[in-house]
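Read through the structure below, which is laid out as C-alpha cells, and then see the notes.
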Amino acid sequence: MQIIEILQEVSKRIYENVKDLAGTDNAAGDFGIGAGGDISRNIDIIAEKTVLDYLREINFECVVLGEECGRVELSKTPKGFIIMDAIDGSANAVRGVPFFCSSLAFAIGDKLSSVTDGVVTNLSNGDMYWASKNKGAFLNESKIKVHDKEPIYKIIGVNTSGATIELMNRLHPIFEQHNHIRHFGANALEMAFFARGLMDIFIDLRDKIRIQDIAAGYLIAKEAGGILLDANLNPLDADLSYKTKISFIAASNQKILDDVISQIK
0 MQIIEILQEV
10 SKRIYENVKD
20 LAGTDNAAGD
30 FGIGAGGDIS
40 RNIDIIAEKT
50 VLDYLREINF
60 ECVVLGEECG
70 RVELSKTPKG
80 FIIMDAIDGS
90 ANAVRGVPFF
100 CSSLAFAIGD
110 KLSSVTDGVV
120 TNLSNGDMYW
130 ASKNKGAFLN
140 ESKIKVHDKE
150 PIYKIIGVNT
160 SGATIELMNR
170 LHPIFEQHNH
180 IRHFGANALE
190 MAFFARGLMD
200 IFIDLRDKIR
210 IQDIAAGYLI
220 AKEAGGILLD
230 ANLNPLDADL
240 SYKTKISFIA
250 ASNQKILDDV
260 ISQIK
C-alpha cells in the first residue's frame with residue numbers, strides 16, 4: 000500500500016468508530032492531560048487506539064506523534080513519522096457540534112516541510128480531504144484548489160480562542176473592516192475548507208497551534224495552491240516537536256494576503 004492509502008484507510012476506520020459518539024455521554028470523560036496539553040476525552044482515546052491498532056495490524060514501521068498518546072515508536076527502523084490528531088475539535092465532538100475531524104500526516108524528516116502525505120476527514124459526514132506532495136489536493140475523488148476569483152463574499156477565518164488583549168488589538172482592524180469573519184473550532188478542518196475554496200484567508204497568530212493540528216492541513220492547503228506563511232511572513236516551516244507552537248497565515252493569493260495583512264497593526 001502507498002502511504003496515502005494507509006492514511007485513508009485508517010481515517011475511514013476512525014470515522015466508523017466515532018461517528019455515532021459525538022454529542023453522547025460516551026464521547027466525554029476525563030482521561031488526564033494528553034501529550035499535546037489538553038484533556039483527553041473518550042472519543043480522543045478511541046480514535047487514537049483505532050490508528051495505533053491499524054498501524055500495528057499492517058506492521059507499518061514508523062514513529063507516531065500523537066496528540067494524546069505522545070511519541071509511540073512502532074519500529075526500531077522507522078520509515079518516517081505519523082503525525083496524528085485523531086480528533087481535532089474535541090470540544091465540538093463532545094458537545095455534538097458537527098465540525099470536528101481527524102488529521103493524519105506522514106513526514107520523512109523532522110520538519111513540517113518534510114510532510115509528504117496528509118488526510119483530514121470530516122468526522123461529521125465522512126468527507127475526506129487528502130494530498131500527496133506534488134500531486135495536488137482532493138476532496139474524496141475530486142481535485143480541489145483555493146478560491147482564485149474575486150469573491151462575492153470575502154470570507155476571513157481568524158482563530159482568536161484564548162487570544163491576548165494585545166493580539167486582539169492588532170487584529171481589531173480586520174474585524175472592523177470585514178463583515179464575514181469565521182472560526183469553527185477545528186483548525187485542520189478549517190484548513191481543508193480553505194483548500195477547497197470556502198475561505199479566502201485563514202489567520203492564527205496566537206502561537207498556540209501544535210504540529211498535530213497543522214501537519215495534514217498544511218500539505219493539503221499547499222497542494223491546493225495556497226500561500227502558507229509564518230507570523231514573520233516567511234514560508235511556513237517548523238520542527239516536528241511537542242514544544243513547537245505555530246502561528247500561521249494561509250492565503251488564497253497574494254492580493255488578499257496584502258489586503259488583509261496590511262490591516263494588522
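Residue 256 in numbering that gives the first Met the number 0 sits at position 257 of the sequence shown, with consecutive numbering throughout.
Every residue, glycine too, gets a C-beta built ideally from N, C-alpha and C.
Quick caveat, the model's predicted, so the values are computed rather than measured.
For Lys110, the residue or residues it bridges with in DSSP: Note: Lys110 sits in a beta bridge opposite Asp238.
Contacting residues, own chain, Cβ-Cβ under 7 Å from Asn91 (five flanking each side not counted): Cβ neighbours of Asn91 within its own chain (closer than 7 Å, five residues either side excluded): Phe98, Phe99, Gly184, Ala185.
Three-state class that DSSP yields for Ile32 in the structure shown: Bear in mind that the predicted position of Ile32 carries a pLDDT of just 46, short of 50, making it too unreliable to give a figure here.
Rounded Cβ spacing between Ser251 and Asp147 (contact assumed at less than 8 Å): Yes, they are in contact, since the Cβ atoms of Ser251 and Asp147 sit about 7 Å apart, within 8 Å.
Spatial neighbours of Ala162 in its chain, beta-carbon cut-off 7 Å, leaving aside the 5 residues before and after: Taken in chain order, the residues that qualify are Arg205.
Option nearest Ala136 by Cα separation, candidates Ile208, Phe193, Ala85, Ser123: The residue with the shortest Cα to Cα distance from Ala136 is Phe193.
Inter-residue Cα distance where the pair is Gly125 and Leu188: Each residue's Cα considered, the two are about 12 Å apart.
For Thr120 and Val63, the rounded distance between their alpha carbons: Spanning the two alpha carbons is a distance of roughly 18 Å.
Residue range of the alpha helix (DSSP H) that includes Val93: 89–94 is the extent of the alpha helix (DSSP H) around Val93.
Secondary structure of Lys18, DSSP reduced to three states: Lys18 falls in the coil class under three-state DSSP.
Paired residues, beta bridge with Val71 - DSSP: DSSP lists Val63 as partners of Val71.
In DSSP terms, what Gly125 is bridged to: Answer is none; Gly125 lacks a bridge partner.
Three or more C-beta pairs below 8 Å linking the stretch 79–88 and the stretch 52–68: Touching, per the Cβ criterion.
Range of the contiguous beta strand (DSSP E) that encloses Phe247: Secondary structure note for Phe247: its beta strand (DSSP E) is the uninterrupted segment 245–250.
Euclidean distance between Cα positions of Ile263 and Lys207: Taking the straight line from one Cα to the other gives about 19 Å.
Span of the beta strand (DSSP E), counted from its first residue to its last, around Gly156: Taken as a continuous stretch (DSSP letters only), the beta strand (DSSP E) holding Gly156 covers 155–157.
Delimiting residues of the beta strand (DSSP E) encompassing Asp206: 200–208 is the span of the beta strand (DSSP E), which, as asked, contains Asp206.
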